[in-house]
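A short worksheet on the structure shown next.
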Amino acid sequence: MTFIQRNIQIAIEAINNELASLQFDIDHKHHSAMELFDLLSHMDKLKSEKAKLEAKLKAI
Numbered sequence: 030m031t032f033i034q035r036n037i038q039i040a041i042e043a044i045n046n047e048l049a050s051l052q053f054d055i056d057h058k059h060h061s062a063m064e065l066f067d068l069l070s071h072m073d074k075l076k077s078e079k080a081k082l083e084a085k086l087k088a089i
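Sequential numbering of the sequence shown, starting at 30, is according to the numbering used here.
Structure (structure tokens):
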């Protein structure tokens with residue numbers, strides 16, 4: 030694995046950790062509708078970024 034591939038893999042792992050943390054937060058805390066919308070919007074952005082990184086990793 031090259032240095033670039035490893036860095037991309039680390040970024041993907043960091044996104045996975047943040048997604049898990051957000052999911053736990055959503056599941057175990059009470060949120061207003063606006064807070065929930067913001068959390069879900071952030072999760073969507075992270076998932077999109079993760080997909081881009083995974084595609085980049087495959088292309089290498």
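The beta carbon of each residue, even a glycine, is placed where N, CA and C say it ideally should be.
Scanning its chain for C-beta atoms nearer than 8 Å, with the 5 sequence neighbours on each side dropped, one finds around Lys85 the residues Ile37, in chain order. DSSP, read as helix, strand or coil, puts His59 in coil. Nearest neighbour of Asn45 by Cα position, chosen from Asp73, Ile89, Lys87, turns out to be Asp73. Secondary structure at Ile39: helix, using DSSP grouped into helix, strand and coil.
About 17 Å separates the Cβ atoms of Lys79 and Ile55, ruling out a contact at the 8 Å cut-off.
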